[in-house]
Structure formats: C-alpha cells, structure tokens
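Each residue of the sequence shown is one higher than the one before, starting from 307 at the first, in the UniProt record's numbering. Even glycine gets a Cβ: it sits at the ideal position worked out from N, Cα and C. Everything numeric in this text was worked out from a predicted model, so none of it was measured.
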Amino acid sequence: AAKGGGRAQYRFYSSDLQDGAKLRRQIEEDLRDAILNNELRMEYQPIVDAKTHKVVCLEALVRWPHPERGSIAPSVFIPVAEDCGLIKELGEWVLAESCRQAVEWPAELRVAINVSAVQFARADFPDTVKTVLSQTGIAPHRVELEITESVFMGDYGQVQKLFKRLKALGIRLALDDFGTGYSSLSYLRNSPFDKIKIDQSFVRGSPEKGNNNSAIIAAIVSLAEALDMETVAQGIETKDELELVKLRRATHLQGRIFSLSVSQSDLLERLEAGDLTYEPLGPEKY
Ligand code: C2E
Ligand code: MG
Ligand code: MG
C-alpha cells in the first residue's frame, strides 16, 4: 500500500510539473502573439517629492490584458520572456512606448523604465537606448532606467563600461529593489546611480512588530545622501508606512497611498487639469 501511495503521489507530482511546463509554453506562445499584435500596454505610477507630494517622475509598468486569462502580472511573464528570448523585443517595445508617451507629459516630468538584467547585459543595449532617444525626441535627462542588483552578476568591468556608455547619453540610472538581492556596497562604490529605490519589503510592517526596517531605511537614506543620490521609498500603502519613511527622510515616495499605476489617458487627463500634487488617500480609497 505504501508503495502504491508513493507512486500515486509521484504521478500527481509529475503531471503537476508537466502542467507547469505546458502553461509556461502557452504563455510563451501567447506572449509572442501579444507583442506582434500590439496587445501590451504601459501604465504609469507617480513618484512624488517627499516634502511637496508633487509628482516628479512616473514609473512605467508593462501590462498584459490577456484576452482569455485576464490580466497577467509582469512578475509572471517577464521571467518567461527572459528565458525564451523575447525580452529583447519586449524590452525595446517598453522603452520606445514609454518614451513616446512621456513626450506628451509636461516637460518637467521624468519617466522611469524598468530594464531586465538579461536585456541590460546585451552589448547593443546602449545603442538601442540611443536610437529610442533620437526617434522619440525625448530629452535624455527625463529618462531614468531602473536596474536591479542582479546586473552585477555579470562581468563587473563590462557592467561598468555599459554604465559609462549609458551615462554618456545623458540619461539617469536608478538601482531598483535595493537591499533584496545580493546587496554589496561595492556596487555603489563606482556606479553612477542617481537614485536608490528602497525595496517595499523594508517599508511594509510597522516598527512595533519588532523588525529593523526603520533602522535599515535610515541607513540606506544616509548612505544615499552621502553619495549624492536620491532615495525612493516604494510600495507605501498606509499612513503608518508614510510616517515612517518621512521620518527617515526618503527624498521621494511611491505607493498606492498616492496612486497605483494608471493608463496614459487617465494620467493625461489629470496632468492637463494641472493636478500635479497627490494627497495621501484614506484606507477607503484602496
Ligand atoms: P518593480 O520595478 O519593483 O515595480 C514595483 C511594483 O510594485 C509594481 O508591480 C507596482 O505595481 C507595485 N506597487 C506599486 N505600489 C504598490 C503598493 O503600494 N503596494 C504593493 N503591494 N505594490 C505596489 P508590477 O507592476 O506588478 O510589476 C512587478 C515587477 O515586474 C516590477 O517590480 C518590475 O521588476 C517588473 N516589471 C514591470 N514592468 C516592467 C517592464 O516594463 N519591463 C521590465 N523589464 N520589468 C517590468
Ligand atoms: Mg521598478
Ligand atoms: Mg520591487
């Protein structure tokens, strides 16, 4: 009986795995079509100045409203795109579309675009950025690329060369999800980042729960200050979290307490009304 049970369990496990692989292949096929058929959309989430709550930048986040499966999260399909070689096309579309749409915003607003480490590692990446800048006509200082610590898994000298070529274009660089990867201070030593984004896991949960988040945020902010970099506290949801990151003097704030990501048309409507300041929403609003 024990043997049979074991086999049944194995069969269940193995068919489960096959379902996983099948689903992945399906996502891969659908994603290829979605890119071809222009089914992906960009949305934009405001990043506000911590003192004035005025929007200074918008983070571009890719959306895939799948016709049958509903909305599929980027945390699901970006890794698939990285594995199956679609990330180059997807990344180029994201870059071009975000810059094209940012040109329609007031000129003082920047756009922050996420770049996958796989996309970043390609030697032709700076040329791609250069082409998009000239084709869309966006001022380079309005474009910020968000990369994560995982880019440093590649050849260090190569990564520094890429940074140099990108900075030479006049764009800005942000280090995303800081503190969650293989954080090493040596990454900050020679890297030309303009901004550090504090991962939302440090923002989440009040200090009374006995974690060290508050001290960690304070340390990141003072490190960034000394390096002349801005800090964004991301994923702020509650008044308590907002109070904490303000107390710790993060220079910029992002999270659903101000606004989740919105479509270009909703954004334009607000911007055209001259409504550039975001008030924290009460709990009933989110
Ligand atoms: P990320 O760059 O760290 O983006 C922040 C994520 O937090 C976004 O999730 C955003 O919608 C979400 N978020 C914003 N405010 C709040 C909040 O108050 N609470 C919570 N719980 N979440 C909040 P999203 O849009 O699902 O994106 C997930 C990740 O997928 C991103 O993390 C980024 O790594 C990747 N991603 C998204 N768009 C793109 C893209 O266009 N290209 C690439 N390469 N990666 C992208
Ligand atoms: Mg990001
Ligand atoms: Mg993140």
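Could you check what DSSP says for Thr486 in three-state terms: helix, strand or coil? By 1-based counting over the sequence shown, the position of residue 486 is 180. Coil.
Just to confirm, does Asn420 get its C-beta within under 7 Å of one of the non-hydrogen atoms of ligand 1? Locating residue 420 in the sequence shown gives position 114, where the first residue counts as 1. Yes - ligand 1 has a heavy atom lying nearer than 7 Å to the Cβ of Asn420.
What are the partner residues of Leu550, as DSSP defines its beta bridges? Residue mapping note: residue 550 aligns to position 244 of the sequence shown, counting from 1. None, per the DSSP bridge assignment.
Could you check whether the Cβ of Asp483 sits closer than 7 Å to any heavy atom belonging to ligand 1? One-based indexing of the sequence shown puts residue 483 at position 177. Yes, ligand 1 has a heavy atom inside 7 Å of this Cβ.
Expressed to the nearest angstrom, what Euclidean distance is found between the alpha-carbon atoms of Glu414 and Val362? Residue numbering aside, residue 414 sits at position 108 when the sequence shown is read from its first letter. Residue numbering aside, residue 362 sits at position 56 when the sequence shown is read from its first letter. Whole-angstrom Cα-Cα distance: 7 Å.
Opposing strand residues paired with Asp355 [DSSP bridges]: The residue you call residue 355 lines up with position 49 of the sequence shown. Answer is His558.
Chain D contact for Val409 (CB, 8 Å cutoff): In the structure shown, chain D cannot be found, because there is only a single protein chain.
By DSSP, does Leu582 sit in helix, in strand, or in coil? What you label residue 582 is simply residue 276 of the sequence shown in a count that begins at 1. Three-state result, Leu582: coil.
Cross-strand partners of Met348 (DSSP beta bridge): Counted from its first residue, the sequence shown places residue 348 at position 42. Beta-bridge pairing links Met348 to Val368.
I need the boundaries of the alpha helix (DSSP H) containing Asn519, first residue and last residue. Position 213 of the sequence shown holds residue 519. Where Asn519 is concerned, the enclosing alpha helix (DSSP H) stretches over 519-532.
Excluding the 5 residues preceding and the 5 following Phe426 in the sequence, name in chain order all residues of the same chain whose CB lies nearer than 6 Å to its CB. Numbered from 1 along the sequence shown, position 120 holds the residue referred to as residue 426. Result list for Phe426: Ile453, Val457, in chain order.
Please list, in chain order, all residues of the same chain as Thr583 whose beta carbon is under 6 Å from its beta carbon, the five residues on each side excluded. Locating residue 583 in the sequence shown gives position 277, counting from the first residue. Result list for Thr583: His359, Lys360, in chain order.
Report yes if the CB atom of Phe508 is closer than 8 Å to the CB atom of Val354, and no otherwise. Locating residue 508 in the sequence shown gives position 202, where the first residue counts as 1. Locating residue 354 in the sequence shown gives position 48, where the first residue counts as 1. Contact flag unset, no.
For the stretch 438-474, which segments carrying the beta strand (DSSP E) assignment without a break, of at least 3 residues, lie completely within its bounds, in sequence order? 449-454
Could you have a look at Arg375 and say whether DSSP puts it in helix, strand or coil? The residue labelled residue 375 in the question sits at position 69 within the sequence shown. Arg375: coil per DSSP, three-state reduction.
CA nearest to the CA of residue 253, picked from Asp505, Pro498, Leu553, Gly511: There is no way to answer for residue 253, as the model of the chain reaches only from 307 to 592.
Return the bridge partner residues of Ile504 from the DSSP annotation. Locating residue 504 in the sequence shown gives position 198, counting from the first residue. Paired residue(s): Phe484, Ala539.
Between the C-alpha atoms of Tyr350 and Tyr462, what's the straight-line distance to the nearest angstrom? Reading the sequence shown from its first residue, position 44 is the one you call residue 350. Reading the sequence shown from its first residue, position 156 is the one you call residue 462. Cα to Cα, Tyr350 sits roughly 32 Å from Tyr462.
Closer than 7 Å: Gln506 CB and nearest ligand 3 heavy atom: Within the sequence shown, residue 506 is the residue found at index 200, counting from 1. Yes; taking the cut-off as 7 Å, the Cβ of Gln506 has a heavy atom of ligand 3 nearer than that.
Quick one: residues in its chain with C-beta nearer than 7 Å to the C-beta of Gln407, no 5 flanking neighbours on either side, listed in chain order? In the sequence shown, residue 407 corresponds to position 101, counting from 1. Only Met348, Gln570 meet the Cβ criterion.
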